[in-house]
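Per the working numbering: the sequence shown ends with 228, consecutive numbering throughout.
Where a beta carbon is used, it is the ideal one built from N, C-alpha and C, also for glycine.
First the structure, in the form of structure tokens, and then the observations on it.
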Amino acid sequence: MSNQRPLPVAHPMDGIGIVRPTEKLFDSWAAAVAEFGSAHINGAGLHAPVTPNRATLNDLIKKAALLADVTAELPGDTVHNDLFWLTLDGEVVAFLSVRHGLNDWLREAGGHIGYSVRHSRRRQGFATLALRHGLERARELGLDQVMVMCDDDNVGSYRTIEHAGGVLQDVSDQSMHGHPALRRYRIDLSVGSASLG
Ligand SMILES: CC(C)(COP(=O)(O)OP(=O)(O)OC[C@H]1O[C@@H](n2cnc3c(N)ncnc32)[C@H](O)[C@@H]1OP(=O)(O)O)[C@@H](O)C(=O)NCCC(=O)NCCS
32 MSNQRPLPVA
42 HPMDGIGIVR
52 PTEKLFDSWA
62 AAVAEFGSAH
72 INGAGLHAPV
82 TPNRATLNDL
92 IKKAALLADV
102 TAELPGDTVH
112 NDLFWLTLDG
122 EVVAFLSVRH
132 GLNDWLREAG
142 GHIGYSVRHS
152 RRRQGFATLA
162 LRHGLERARE
172 LGLDQVMVMC
182 DDDNVGSYRT
192 IEHAGGVLQD
202 VSDQSMHGHP
212 ALRRYRIDLS
222 VGSASLG
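Take a look at the structure:
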């Protein structure tokens, strides 16, 4: 598959990697997923509640390969999507999803990029790194701007987005999608590279 190569790792933190879902990291993936309990995991490609067993991961690996394959025809309005895991010394620390385009739902309440950091690794800069990798990938895909969204009260996420150059477009009631006050940000990718460092 042409777009299955790993992203370049370009940041100052030692031991960081970015990989596609792989059974090699099953134990760490399962432990990371378990930290979310029954909550939805943004950017993980999974529907809550998740049972983090081998069958779930095998299905995820197949799904990730299909969604990333730009030659594959996808059902309905499903868009192509790259699923990544951010790792630290081989431990899965964050989930990242980079959609190649937007359908109606993503335009309203999902955006191009989604991410989550496992609870035990929060407040250590991993969302910041995940979003930067997402922006690199989006640029590589040829997008010149992306939409990134988060709840109005999600301070950690909107700080992450604003540090990455996000410009607030609006805050809207997306209750029908489970978000009574949703911030939609635009990040322009046409001006230089996402400041890595
Ligand atoms: C929101 C989330 C992604 C932040 O991840 P993180 O790795 O802790 O974030 P970072 O360490 O990169 O911090 C980014 C910024 O947010 C701030 N921040 C992070 N969590 C915060 C919190 N709970 N309260 C206030 N500020 C917070 C950090 O201080 C930093 O800002 P600063 O540089 O100005 O100090 C994480 O809490 C999470 O996974 N939440 C659930 C999923 C989610 O909300 N995903 C985003 C929607 S797509």
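Hey, how far is the Cα of residue 20 from the Cα of residue 207? The chain is shown from 32 up to 228; residue 20 falls before or after that span and cannot be answered.
Top-ranked residue by Cα proximity to residue 118, from 98, 57, 138: In the sequence shown, residue 118 corresponds to position 87, counting from 1. Checking every option, the nearest Cα to that of residue 118 belongs to 57.
Distance, Cα to Cα, residue 128 vs residue 178? For the purposes of this step, residue 128 is taken as the residue at position 97 of the sequence shown. For the purposes of this step, residue 178 is taken as the residue at position 147 of the sequence shown. Their Cα atoms are separated by approximately 13 Å.
Going by Cα to Cα distance, which pick from 149, 163, 167 is closest to residue 67? Sequence index remark: in the sequence shown, residue 67 carries index 36 (1-based). Selected option, being the one with the closest Cα: 149.
Work out the CA separation of residue 61 and residue 86 for me, nearest whole Å. Taking the first residue of the sequence shown as 1, we reach residue 86 at position 55. Taking the first residue of the sequence shown as 1, we reach residue 61 at position 30. Distance between the alpha carbons of residue 86 and residue 61 is about 11 Å.
Less than 8 Å separating the beta-carbons of residue 126 and residue 72? The residue labelled residue 126 in the question sits at position 95 within the sequence shown. The residue labelled residue 72 in the question sits at position 41 within the sequence shown. A contact, by the Cβ cut-off of 8 Å.
Any heavy atom of ligand 1 closer than 7 Å to the Cβ of residue 190? Indexing the sequence shown from 1 puts residue 190 at position 159. For ligand 1, at least one heavy atom lies less than 7 Å from the Cβ of residue 190.
Report the rounded CA-to-CA distance for residue 216 versus residue 173, giving the unit in angstroms. Start at 1 with the first residue of the sequence shown, and residue 216 comes out as number 185. Start at 1 with the first residue of the sequence shown, and residue 173 comes out as number 142. Going by the C-alpha atoms only, they are around 19 Å apart.
Excluding sequence positions up to five away, which residues of its chain have a Cβ less than 7 Å from the Cβ of residue 226? Residue numbering aside, residue 226 sits at position 195 when the sequence shown is read from its first letter. With a pLDDT of 43 at residue 226, under the threshold of 50, the modelled position of this residue cannot be trusted; read the value that follows with caution. Correct list: empty, nothing qualifies.
Evaluate residue 33 with the Cβ neighbour count: other Cβ atoms within 10 Å of its Cβ, from every protein chain shown; 16 or more gives buried, anything less gives exposed. Here residue 33 corresponds to residue number 2 of the sequence shown, with the count starting at 1. In this predicted model, residue 33 has a pLDDT of only 37, less than 50, meaning its place in the structure is not dependable enough to derive any value.
Per DSSP, the bridge partner or partners of residue 112: Walking along the sequence shown from the start, residue 112 turns up at place 81. Its beta-bridge partners are 130.
For residue 53, is the beta carbon positioned less than 7 Å from some heavy atom of ligand 1? Numbered from its first residue, the sequence shown carries residue 53 at position 22. Outside the cutoff, so no.
At 4 residues or longer, what runs of the alpha helix (DSSP H) sit wholly inside the segment 36-102? 57-65, 85-99
C-alpha distance - residue 212 paired with residue 181, whole-angstrom precision: Position 181 of the sequence shown, counted from the start, is the residue given in the question as residue 212. Position 150 of the sequence shown, counted from the start, is the residue given in the question as residue 181. Answer to the nearest angstrom: the Cα atoms are 9 Å apart.
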